[in-house]
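The structure under discussion appears below in the form of structure tokens.
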Amino acid sequence: MFSAIQSRYKRFQISKSPQLNLVWGFFLYTLMGFLLLSIPLFHRTDVAFLDNLFISTSAISTTGLVTISIFDSYNFFGQFIIMILIQLGGIGYMTLTTYYLLFTTKRITRWHQKIIGAEFTMPATIQIKDFIKSVVYFTLVMEFLGTISFYIAFHQEGITGLKGMWFSLFHSVSSFCTAGSSLFNDSFESFSENTLINWTISILAIAGSLGFIVITDVWYRIRGKSKAITFTSKIIIYGFIILLGIGSLLFYFTEPLVKASEHRLMEAFFQSMTSMTTVGFNTVPIGSLSLPLLLLTIFLMYIGASPSGTAGGMKITTLTAMVAILKSRLLGQKKITFLKRTIPLERLFVATSTFILYTSMIFLFSFLLSFTEESSFDKILFEVASALGTVGLSTGITADLSEVGKSLIILLMFLGRVGVLTFGFALLMRMKKQDLKLKSEDLAV
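My numbering numbers the first residue of the sequence shown as 35 and each following residue consecutively.
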């Protein structure tokens, strides 16, 4: 019976487009996480139905927004489920199963290749087999090193033994997957002066958010398999450094909270980094930021990092494409170029579609939440940008959202993880198939 169900599900998967498969895959992950988290055996206290769904979606989307305390609400087993969901969401749908196929059969099917191609934007020079291996190996190595670093830092803070080991592993996974989920109720505000913790989070988050494309590309260059880093990787690296630098300088010189700190430079860098990498941890209270820096944080969350890393947001490559279009139009150039390279028309179409859809989602959901919530508009806009960008930073209104508001944020986090363009493709492909079916039925009549 089980084999028959498995066979039917396999046929169902193959019949769907890669984009629709991604949507279904993450939906099933979220549903399984919700059902597991709903088991009272994994609770410390009673947890509402919607809160379990919210936490499951937040974990699988690697967002980190929470309506309840993870540590106070779930016991070790519940927290372990959340960590597994974060790992699945961060490493990507189909990545683990594809790696298992490579490990056991030394080959992957064309169906798997299509789904991986839909989930990760990869240059033609990078082989999917090498890409999958680099994803898994790099993830395991970075999270292992992160766990050791966290354990040393937590030991210095008096968090030792099994608790120290568990907290280290959980936050290492959460940092590398840029999930922002924490077992501390104030995120890392209590550790704002701990240099090792700040740098451990930063290194893990930057490594994860820059993306597996960049890591594989750089590795190819080191091993001599390629003569230079690809154009895509250059855009990601340059864009990331420029935006991170501008954000850090603005936090350092203009934010009163940061200016009053003894660790001014570290806090300025961390808040800019946490927004761009969408890791979502904070060492200063976000709700107390000045309005200009709140808007800066929204902008950095809106952009995000690499299209093939663990970070969310619209992506640096989309921003650079839009800048290239604007520059070329203003200069009257017929070709769209960036860094003296012509950008293919297909890439421009994808970037423009992503920009329009992403910006529209922020406007639409801010508009809807303005009806359902009593918070000020700047806090609502911040919450929407954080949810869609899968960041997890909040001004403190998440727990006070209405049931409708929570439901809207759940949908936003899900859209942010699968990608607005992927979700749009999935809907259009489904509608197209339905139209073809109706036309064929009309012809038959």
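Each residue gets a CB set at the ideal place from its N, CA and C atoms; glycine is no exception.
- prompt: Since LEU99 and MET335 are thought to touch, with beta carbons under 8 Å apart, how far apart are those beta carbons, to the nearest angstrom?
  reply: That pair is no contact at about 12 Å.
- prompt: Considering only residues of the same chain and omitting the five flanking positions on each side of ALA241, which have a CB-CB separation below 6 Å?
  reply: MET176
- prompt: In the structure shown, what three-state DSSP assignment does ARG363 receive?
  reply: helix
Per-residue DSSP class, three states only, for ARG78: coil
- prompt: Are there 16 or more other CB atoms within 10 angstroms of the CB of LEU54, so buried, or fewer, so exposed?
  reply: buried
task: Can you give me the Cβ contacts of SER282 inside the same chain, cut-off strictly under 7 Å, excluding the 5 residues immediately before and after it?
output: Within the same chain, ALA302, PHE303 and SER306 come within 7 Å of SER282 by CB-CB distance, once the 5 residues on both sides are set aside.
task: May I have the straight-line CA-CA distance separating MET348 from GLY423, to the nearest angstrom?
output: 7 Å
- request: Would you check if there are 3 or more beta carbon pairs closer than 8 Å linking the region 222-233 to the region 175-192?
  value: yes
query: GLY258: buried (16+ other C-beta within 10 angstroms of its C-beta) or exposed?
result: exposed
message: For the alpha helix (DSSP H) containing THR393, name the first residue and the last one.
response: 379-406
message: Using only the alpha-carbon positions, how far apart do THR64 and SER183 sit?
response: Taking the straight line joining both Cα atoms gives about 30 Å.
field: Test item: CB-CB of THR212 and THR351 under 7 Å
entry: no
message: Can you tell me whether PHE372 is helix, strand or coil according to DSSP?
response: strand
- prompt: Given LEU203, which residues of its chain have a CB within under 6 Å of its CB, disregarding the five upstream and five downstream residues?
  reply: THR181
field: Contiguous beta strand (DSSP E) assignments of at least 3 residues, all confined to the region 257-331
entry: none
task: Could you tell me whether the Cβ atoms of ILE495 and SER404 are closer together than 7 Å?
output: As displayed, the chain neither begins before 35 nor continues past 479, which places residue 495 out of reach and without an answer.
- prompt: At what residues does the alpha helix (DSSP H) containing GLU191 begin and finish?
  reply: Here GLU191 belongs to no alpha helix (DSSP H), and DSSP marks it neither H nor E.
- prompt: Quick one: any contact between the region 282-291 and the region 360-372, if contact means 3 or more CB pairs under 8 Å?
  reply: no
query: Which same chain residues, not among the five before or five after SER438, have their C-beta less than 6 Å away from its C-beta?
result: With the sequence shown as reference, residue 438 is identified as Val, and Ser is not the correct amino acid for it. Closer than 6 Å at the Cβ level, and outside the excluded window around VAL438, lie THR406.
message: Am I right that THR432 and GLU408 are in contact with their C-beta atoms under 8 Å? What's the rounded C-beta distance?
response: Contact annotation, THR432 with GLU408: C-beta distance approximately 14 Å; criterion of less than 8 Å not satisfied.
query: Tell me which same chain residues have a C-beta within less than 7 Å of the C-beta of LEU238, skipping the five on either side of it?
result: MET176, GLY180, SER206, SER209 and PHE210
query: Does DSSP classify LEU54 as helix, strand or coil?
result: Helix.
ASN219, buried or exposed, once every other Cβ within 10 Å from all chains shown has been counted against 16: exposed
query: Taking just the CA atoms, how far does LEU70 sit from ILE120?
result: Linking ILE120 to LEU70 through their CA atoms gives a straight-line distance of about 14 Å.
message: In the DSSP output, what is TYR108 paired with across the bridge?
response: Residue pairing by DSSP puts TYR108 in a beta bridge opposite HIS77.
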